[in-house]
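Right, one structure below, let's go through it.
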């Protein structure tokens, strides 16, 4: 992650040359004589109370003032609007008799006469208009408009944008012109790593492809496929549809996999498994700025798996607690998620918390026997990441992950530690339990940088620790904790190629007889974006 969002140009460059076209910008003629104003009536404001605006003119009340000073009331109110971000709003004093010392000041609140969008090819204009709709409501506020434009520039569907705000056909009216270049909607990548369990083959080959704008509405279709020597997985076939201009989406995804145990000595048993899952997700940002985001999600999911014992053609076989006699387990769950992220020019903070409620829906696994897990459960999971810029190109990365449940969980819901994404230096998913905790600290130093080649090599010493434990079941874990220290090397070449090699040194010994790179404490990842 980058420590700072890419900023837009200064406001004066983004919205050039616009000034309120109200009478307050005109030079008032010198008219002899004075008047005494006892009360100002401010009309036409929908944002501020009339009394609040009249308070800005208190210095002109109850004393003789010249005509020029009287016209200064226009300037005072116009400046008040401008100070609050209403750049195109203004005030003027219409012709009127001075009856009993009362003067009426009229407010003209600025609004957009038209929004003109050019440069789009496949993306529909309605996508852009919906994302600007809130910020372009009258009266026009420059701060809200700038924030909406910054969010639009950060949109992955937009490569570049240029903006011009010009005066409209009448005072208070403006025309917003946007010239946009669309980003490449098709994104594909290839990844090679050793992030799978050696039992199914630790070398993983992965292909991801996403079309971010399939029908022109900002809808996305994604496909992810992985393969090892003992497994083939459709990790995700998903379609996402935007439902509003604030970033709300509805997504449906499907996954399935087939696995075979190929690790000696269990390979002779011909153990295989297959699984599939379906997920419907509603996601809605509640508050979103270029630097902060708060959002919630509701997820309905169904996951099922079945294991088989090929020895003597036995067929379906229950290897894990909670599986039926045919080796089937099925989890139906409703998950509620809250997410918050914040970034500045010095750090990035992100937290995600999820509550999962297991449901007995769609023939989910159930059991009336104490100590046997089923689909009726509750669990919480909280993940936190913090990135801090310590010095130029030197970063501190902190990560943590915590799962807690009072219930015995099916294997599909358990917490695992060990491997490249948790405790490095151990094999993938070395320890598994109902509950678990993981924490990591890492510092990234630059070793060398070649700007002309967009190439950078970083050194990353790290410390990882994790623990798992069960809730109520009788079988206690023989080992619960893992910890390691180590060193990583990270290489990036442009925006397309990324490689990472980690060597973890276990601080807690575990029994293992395998001889893969994972048991040697080595984890690698290489990815290339096509």
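Numbering (my numbering), first residue to last: 1404 to 1933. Note that the Cβ used here is the ideal one computed from N, Cα and C, for glycine as well. Keep in mind the model is a prediction, meaning the values are calculated, not measured.
Q.
Going by beta-carbon coordinates alone, are residue 1837 and residue 1803 separated by less than 7 Å?
A. By one-based count along the chain shown, residue 1837 stands at place 434. By one-based count along the chain shown, residue 1803 stands at place 400. Between residue 1837 and residue 1803, the gap from beta carbon to beta carbon reaches 7 Å or more.
_Span separating the alpha-carbon of residue 1737 from that of residue 1654_ = Residue 1737 sits at position 334 when you count from the first residue of the chain shown. Residue 1654 sits at position 251 when you count from the first residue of the chain shown. If I take the Cα positions, the gap works out to 15 Å.
Quiz item: If you draw a straight line from the alpha carbon of residue 1662 to that of residue 1886, how long is it in whole angstroms?
Solution: Locating residue 1662 in the chain shown gives position 259, where the first residue counts as 1. Locating residue 1886 in the chain shown gives position 483, where the first residue counts as 1. Within the model, the alpha-carbon separation for residue 1662 versus residue 1886 is close to 29 Å.
> What's the call for residue 1572, buried or exposed, on a 16-neighbour Cβ count within 10 Å?
Replying inline: Taking the first residue of the chain shown as position 1, residue 1572 is located at position 169. Using a 10 angstroms sphere on the CB of residue 1572, the tally of other CB atoms stays under 16, which defines it as exposed.
> Rounded to a whole number of angstroms, what is the C-alpha to C-alpha distance between residue 1692 and residue 1890?
Replying inline: In the chain shown, residue 1692 corresponds to position 289, counting from 1. In the chain shown, residue 1890 corresponds to position 487, counting from 1. Near 36 Å, if we compare the C-alpha coordinates of residue 1890 and residue 1692.
>> Please report the straight-line C-alpha distance between residue 1602 and residue 1583, rounded to a whole angstrom.
In response: Residue numbering aside, residue 1602 sits at position 199 when the chain shown is read from its first letter. Residue numbering aside, residue 1583 sits at position 180 when the chain shown is read from its first letter. Spanning the two alpha carbons is a distance of roughly 50 Å.
Inspect the CB distances between the stretch 1913-1931 and the stretch 1818-1828 and report whether three or more fall short of 8 Å.
Between the stretch 1913-1931 and the stretch 1818-1828 there are three or more inter-stretch CB-CB distances shorter than 8 Å, so the stretches are counted as touching.
- Between the beta-carbon of residue 1609 and the beta-carbon of residue 1629, is there less than 7 Å? Looking up residue 1609 in the chain shown gives position 206. Looking up residue 1629 in the chain shown gives position 226. Yes, the pair counts as a contact, with Cβ atoms nearer than the cut-off.
Considering only the alpha carbon of each residue, which of 1882, 1551, 1587 and 1577 lies closest to residue 1560? Against the chain shown, residue 1560 aligns to sequence position 157. Selected option, being the one with the closest Cα: 1587.
- prompt: Between the beta-carbon of residue 1511 and the beta-carbon of residue 1574, is there less than 7 Å?
  reply: Mapped onto the chain shown, residue 1511 falls at position 108. Mapped onto the chain shown, residue 1574 falls at position 171. Residue 1511 places its beta carbon less than 7 Å from that of residue 1574.
Quiz item: Residues in its own chain within less than 8 Å of residue 1613 by CB, not counting five upstream and five downstream?
Solution: In the chain shown, residue 1613 corresponds to position 210, counting from 1. Excluding positions up to five away in sequence, the list reads 1589, 1590, 1591, 1623, 1624, 1625 and 1626.
Original post:
Per DSSP, residue 1707 forms a beta bridge with which residues?
Top reply: The residue given as residue 1707 occupies position 304 in the chain shown. DSSP lists 1679 and 1733 as partners of residue 1707.
Tell me whether residue 1419 sits in a helix, a strand or coil according to DSSP, three-state version.
Residue mapping note: residue 1419 aligns to position 16 of the chain shown, counting from 1. Annotation note: pLDDT 44 at residue 1419 (below 50); position unreliable, no value reported.
message = Buried or exposed, going by whether 16 or more other CB atoms sit within 10 Å of the CB of residue 1664?
response = Working through the chain shown from its first residue, we reach residue 1664 at position 261. With 16 or more other Cβ atoms within 10 Å, it is buried.
Q.
Restricting to runs no shorter than 3 residues, where is the beta strand (DSSP E) found entirely within the stretch 1591-1675?
A. Residue ranges of uninterrupted beta strand (DSSP E) with 3 or more members, entirely inside the stretch 1591-1675 and ordered along the chain, are 1607-1614, 1623-1631, 1634-1645 and 1652-1663.
*Pick from 1843, 1708, 1812 and 1808: whose alpha carbon is nearest that of residue 1820?*
Here the question's residue 1820 lines up with position 417 in the chain shown. Measuring from the Cα of residue 1820, the nearest candidate turns out to be 1843.
**Message:** Does residue 1916 come out as helix, strand or coil in the three-state DSSP assignment?
**Reply:** Stepping through the chain shown from its first residue, residue 1916 is reached at position 513. Reduced to three states, the DSSP call for residue 1916 is coil.
Mind the definition here: the stretch 1479-1497 touches the stretch 1516-1526 only if three or more C-beta pairs lie below 8 Å; say whether that holds.
The stretch 1479-1497 is not in contact with the stretch 1516-1526.
- Task: Indicate the three-state DSSP secondary structure (helix, strand or coil) for residue 1856 in the structure shown.
- Result: Numbered from 1 along the chain shown, position 453 holds the residue referred to as residue 1856. Here residue 1856 carries a helix assignment [DSSP, helix/strand/coil].
Tell me which residues share the same chain as residue 1594 and place their Cβ nearer than 6 Å to its Cβ, disregarding the 5 neighbours each side in the sequence.
Stepping through the chain shown from its first residue, residue 1594 is reached at position 191. Sequence-distant Cβ neighbours of residue 1594 in its own chain, meaning closer than 6 Å and more than five residues away, are 1609 and 1930.
Check: Considering residue 1930, what are the terminal residues of the beta strand (DSSP E) in which it resides?
Finding: The count along the chain shown starts at 1 and reaches residue 1930 at position 527. Residue 1930 -> beta strand (DSSP E) spans 1925-1932.
#### Entry: Cutoff 6 Å; reference residue 1919; Cβ partners in own chain excluding five residues on either side
The residue given as residue 1919 occupies position 516 in the chain shown. Setting aside the 5 residues that flank it on each side, residue 1919 is surrounded in the same chain by 1601 and 1605, each with a C-beta closer than 6 Å to its C-beta; the list follows chain order.
*asked:* Going by DSSP in three states, residue 1550 sits in which element: helix, strand or coil?
replied: Here the question's residue 1550 lines up with position 147 in the chain shown. DSSP places residue 1550 in helix when its eight states are reduced to three.
Note to self: Given this structure, state the Cα-to-Cα distance separating residue 1410 from residue 1620, to the nearest angstrom.
What the structure shows: By 1-based counting over the chain shown, the position of residue 1410 is 7. By 1-based counting over the chain shown, the position of residue 1620 is 217. Any reading at residue 1410 needs caution, since the residue's pLDDT is 41, under 50, leaving its predicted position unreliable; the model's value is listed next. Taking the straight line joining both Cα atoms gives about 26 Å.
Cβ pair residue 1808, residue 1785 closer than 7 Å
Residue mapping note: residue 1808 aligns to position 405 of the chain shown, counting from 1. Residue mapping note: residue 1785 aligns to position 382 of the chain shown, counting from 1. Note that the C-beta distance between residue 1808 and residue 1785 is not below 7 Å.
To the nearest angstrom, report how far apart residue 1783 and residue 1846 are at their CA atoms. Along the chain shown, one-based indexing puts residue 1783 at 380. Along the chain shown, one-based indexing puts residue 1846 at 443. If you take the alpha carbons of residue 1783 and residue 1846, they lie about 29 Å apart.
Practice problem: State the start and end residues of the unbroken alpha helix (DSSP H) segment that holds residue 1529. | Solution: Mapped onto the chain shown, residue 1529 falls at position 126. Counted as a single uninterrupted DSSP element, the alpha helix (DSSP H) harbouring residue 1529 occupies residues 1528-1535.
- Looking at C-alpha atoms only, which residue of 1450, 1607 and 1762 is the closest neighbour of residue 1635? Translated into positions along the chain shown, residue 1635 becomes position 232. Ranking 1450, 1607 and 1762 by CA distance to the CA of residue 1635 puts 1607 first.
- Task: Provide the residue span of the alpha helix (DSSP H) that contains residue 1471, from first to last.
- Result: In the chain shown, the residue the question calls residue 1471 occupies position 68. Run containing residue 1471: 1470-1486, per the alpha helix (DSSP H) assignment.
**Message:** Which same chain residues end up closer than 6 Å to residue 1680 when comparing Cβ atoms and leaving out the 5 residues on each side of it in sequence?
**Reply:** Sequence index remark: in the chain shown, residue 1680 carries index 277 (1-based). Beyond the five residues adjoining it in sequence on each side, residue 1680 comes within less than 6 Å, by CB distance, of 1658 and 1706 in the same chain, given in chain order.
query = Can you tell which of 1832, 1900 and 1863 has the C-alpha that lies nearest to the C-alpha of residue 1883?
reply = The residue given as residue 1883 occupies position 480 in the chain shown. The shortest C-alpha to C-alpha distance from residue 1883 to any of 1832, 1900 and 1863 is the one to 1832.
Quick one: residues in its chain with C-beta nearer than 6 Å to the C-beta of residue 1916, no 5 flanking neighbours on either side, listed in chain order?
In the chain shown, counting from the first residue as 1, residue 1916 sits at position 513. Excluding the 5 residues flanking it on each side, residue 1916 has no same chain C-beta neighbour closer than 6 Å.
- Query: Distance, Cα to Cα, residue 1633 vs residue 1711?
  - Reply: As a first step, residue 1633 is located in the chain shown; it is residue number 230 there, counting from the start. As a first step, residue 1711 is located in the chain shown; it is residue number 308 there, counting from the start. The alpha-carbon of residue 1633 is positioned some 14 Å away from that of residue 1711.
Provide the residue span of the beta strand (DSSP E) that contains residue 1715, from first to last.
Translated into positions along the chain shown, residue 1715 becomes position 312. Boundaries cannot be given for residue 1715, as no beta strand (DSSP E) includes it and DSSP labels it neither H nor E.
Note to self: What does the alpha-carbon distance come out to for the pair residue 1428 and residue 1445?
What the structure shows: Translated into the one-based positions of the chain shown, residue 1428 becomes position 25. Translated into the one-based positions of the chain shown, residue 1445 becomes position 42. A caution first: residue 1428 carries a pLDDT of 45, below 50, which makes its placement in the model unreliable, though a value can still be read off. Between the C-alpha atoms of residue 1428 and residue 1445 there is a straight-line separation of about 18 Å.
Let me know if residue 1907 comes out buried or exposed under the rule of 16 or more other beta-carbons within 10 Å of its beta-carbon.
In the chain shown, the residue the question calls residue 1907 occupies position 504. So residue 1907 counts as buried.
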